[in-house]
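Data first, discussion second: the structure below is written as structure tokens.
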Amino acid sequence: MINPLYDIEIIFPKIRWPDNSVNQLLEKNKMMRMHHAISINALNNDIGLQAIVDRNSEADLWIHIIDDKKNIIGWSINKKLIINNQTANYFQITMFHQKIQNQGFYPLLNEIRIEIIKPDLLFVRTQNPQVYKYFTKLCQNHNFKISPTKEYTNIKMVKLLENIFDNLDNKSVQRGLFNKAISNYPLKFEKDTELIWSRMNIEKGDCLVIVGYQD
């Protein structure tokens, strides 16, 4: 259950910090350090501040979960792209402090993200089966088809994203993005989608690219 004392903050970073003046950089960097601290708690692993800074710096949308003490306890970032004349919404990162995981924030933020950046195409890259579960639900809610499924991978979607994700194979797996699993917490696999995850080696850093598309 979502705590009614928590709040949601929506930031358009390229509008809020347009010229990277000293004051703007100080505020932006402070928030990115908070993002980094939450990622360490969420993953029980440190992927490095630079990885957070790189992805945050190119994002068009930040969303924060704010607790009753005005602290950031969860965050997500999205990037808007134009691919083959289609508006694409790239769900880059989502991180929640352990104390608010499994409380309904992820599907809530997904709905907000798709409402703000209205897409013809949406995609996410992950090692987490729970992301597949909820991203699939989001796509179903908005009449998008999903790839891959356990029966089918849309090769057209793979080809469309090859220039964005290096080493993306015909199973929609990006090979060796990281040198290991990024989370040190056990992953919870859904029985009906186990076949999808058997195509990749998370321990070697493989990631699944999940795409929502329309005909």
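For the sequence shown, the residue numbers in numbering that gives the first Met the number 0 are 0 to 214. Note that the Cβ used here is the ideal one computed from N, Cα and C, for glycine as well.
- Following the DSSP letters along the chain, one finds Glu202 in no alpha helix (DSSP H), marked with neither H nor E.
- In the DSSP annotation of this structure, the continuous segment of the alpha helix (DSSP H) that includes Trp196 starts and ends at 193-196.
- For Asp53, the enclosing alpha helix (DSSP H) stretches over residues 48-56.
- Rounded to the nearest whole angstrom, the CA to CA distance from Ile7 to Ile64 is 5 Å.
- Between Gly211 and Phe177, the gap from beta carbon to beta carbon reaches 8 Å or more.
- Take the alpha-carbon of Ala36 and the one of Ile154: they are about 37 Å apart.
- Sequence-distant partners of Thr152 (beyond 5 residues in either direction) whose C-beta falls short of 7 Å from its own C-beta, in its chain, are Ser146, Asn169, Lys170, Ser171.
- Per DSSP, the unbroken alpha helix (DSSP H) holding Gln23 starts and ends at 21-42.
- Taking 8 Å as the cut-off, the beta carbon of Asn127 is found no closer than this to the beta carbon of Ser75.
- For Arg112, the three-state secondary structure derived from DSSP is helix.
- By the Cβ criterion, the region 131-148 is in contact with the region 102-120, since at least three pairs of Cβ atoms, one from each stretch, lie closer than 8 Å.
- In its chain, beyond the 5 residues on either side, Gln23, Leu24, Glu26, Lys27 have a beta carbon closer than 8 Å to the beta carbon of Trp16.
- Apart from the 5 residues on each side of it in sequence, Ile14 has no Cβ closer than 6 Å to any other Cβ in its chain.
- In the displayed model, Arg15 falls within a helix according to three-state DSSP.
- Cβ atoms of Ile82 and Leu194 stay farther apart than 8 Å, at about 28 Å.
- For Ile163, the three-state secondary structure derived from DSSP is coil.
- Contact annotation: Asp119 and Gln213 have beta-carbon atoms nearer than 8 Å.
- Following the DSSP letters along the chain, one finds Leu137 inside the alpha helix (DSSP H) bounded by residues 128-140.
- In this structure, the alpha-carbon of Lys68 lies about 20 Å from that of Gly103.
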